[in-house]
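Heads up: the sequence shown at position 292 corresponds to 292 in the UniProt record's numbering, and the numbers run straight through without jumps. Beta carbons are placed, not taken as given, at the ideal position from N, Cα and C, and that holds for glycine. Nothing here was measured: the structure is a model prediction, and the numbers come from that model. Working notes for the structure below.
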Amino acid sequence: MKLCESPGRGAPSPGAGGDPPGSSGPLPQDWGSPLLVLMGWPLGPPGPWLDPHGPVKMFFSRGLDFQKSRYARFMNHRAPSHQRYQPTEYEHAANCATHAFWIIPSILGSIILYFLSDDQWEAFSAWIYGLGLSSLFIVSTIFHTISWKKGHLRTVEHCLHMFDRMTIYFFIAASYTPWLNLRELGPWASHMRWIIWFMASTGTIYVFFFHERYKMVELICYVVMGFSPAVVVFSMTNYDGLVELIIGGLFYCLGMVFFKSDGRIPFAHAIWHLFVAFGAGIHYYAIWRYLYLEPERFPSGVKTSK
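Right, here's the structure in full:
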């Protein structure tokens, strides 16, 4: 197809370059790339048409700027490293719903474990785990609700956010408590049942003094605390439930990608909530199945309640 002549220039000769359709300048340096050839533009020499303020640059900048699209209601700009991300109205609602839904199931699940307990040690472990599990969803829901509807109460919101972060450390320690209390462990591994609570206390103190200052450090603390007690697996004689523990841990790890993606992925925090809920659900099943309905302790495969 013959190109029209540009004002002040002669018609381009085949193979000698020219303007791409709809442009106002010479061709880019990679004009010979297969992508541009497939788009129907001829080969030619380089030119300044892709300058920082050129039409193509502006087109891609606008196309990649989520805030200038009709979907801007689903995500705000990313917050600075020392500040908290401010969700949109839709994100606020999703953050509340994704954890509020699990409050009642977590409470009922805790009660079930208690009634399946045969001794005080099992009952104590069931209550600690149930308290950590239900607190995670309750505190998270309260914080996100206040942040959404009463965001002008800055002091209250800040305190609830700190409490929400502290609850995560408590939840991690509580999740390991049934395994560390009810499974037979070696002499060195049995100390982990106290070490995990020391780590939770240390994390709580860290949040109190350095909340939202060093976000990456806080994330590393969660990861270290979440994986450190796993070393007791090497001292266990019974590996039932290990697969479920690994799968649940993978859900938490994958969810961390979204935990750090506020302002980059719409509804990132709500998606993180779902990964947490799924991971917690898998771990609950493992505790219920292998610690409170364990077949090797009950040959019939069914453990009667109290």
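Delimiting residues of the alpha helix (DSSP H) encompassing residue i
i           : result
residue 285 : 268 to 290
residue 231 : Note, residue 231: premise wrong, no alpha helix (DSSP H); not H, not E.
residue 189 : Here residue 189 belongs to no alpha helix (DSSP H), and DSSP marks it neither H nor E.
residue 116 : Careful: residue 116 lies outside any alpha helix (DSSP H) and carries neither H nor E.
DSSP three-state assignment for residue i, whether helix, strand or coil
i           : result
residue 237 : coil
residue 263 : coil
residue 87  : coil
residue 180 : helix
residue 215 : helix
residue 144 : helix
residue 136 : helix
residue 121 : helix
residue 150 : coil
residue 197 : helix
residue 101 : coil
residue 108 : helix
residue 293 : coil
residue 185 : coil
Nearest to residue i (by Cα), restricted to the options the options
i           : options            : result
residue 210 : 158, 189, 170      : 158
residue 235 : 183, 137, 175      : 183
residue 258 : 270, 250, 249      : 270
residue 277 : 266, 166, 101, 185 : 101
residue 181 : 96, 95, 264, 229   : 229
residue 164 : 99, 153, 118       : 99
residue 313 : 142, 108, 117      : Since the first and last residues shown for the chain are 1 and 306, residue 313 lies out of range.
residue 197 : 217, 214, 169, 188 : 169
residue 191 : 231, 111, 104      : 231
residue 288 : 118, 112, 96       : 112
residue 238 : 252, 179, 274, 208 : 179
Same chain, Cβ closer than 7 Å to residue i, neighbours up to 5 away in sequence not counted
i           : result
residue 247 : 282
residue 206 : 221
residue 34  : Caution is warranted here: a pLDDT of 47 is assigned to residue 34, below 50, making its placement in the model unreliable, and the coordinate value is therefore given only provisionally. Within the same chain, residue 34 has no close Cβ partners at all.
residue 139 : 163, 164, 167
residue 290 : 240, 241
residue 203 : 169, 221, 225
residue 272 : 255, 258, 259
residue 245 : 283, 286
residue 186 : 235
Residues near residue i in its chain [Cβ-Cβ closer than 6 Å; skip 5 each side]
i           : result
residue 106 : 133, 134, 137
residue 177 : 125, 128, 129
residue 174 : 128, 129, 132
residue 199 : 225
residue 94  : 267, 270
Sequence-distant residues of its chain with Cβ nearer than 8 Å to residue i (five each side left out)
i           : result
residue 114 : 123, 126, 127, 130
residue 121 : 181, 182
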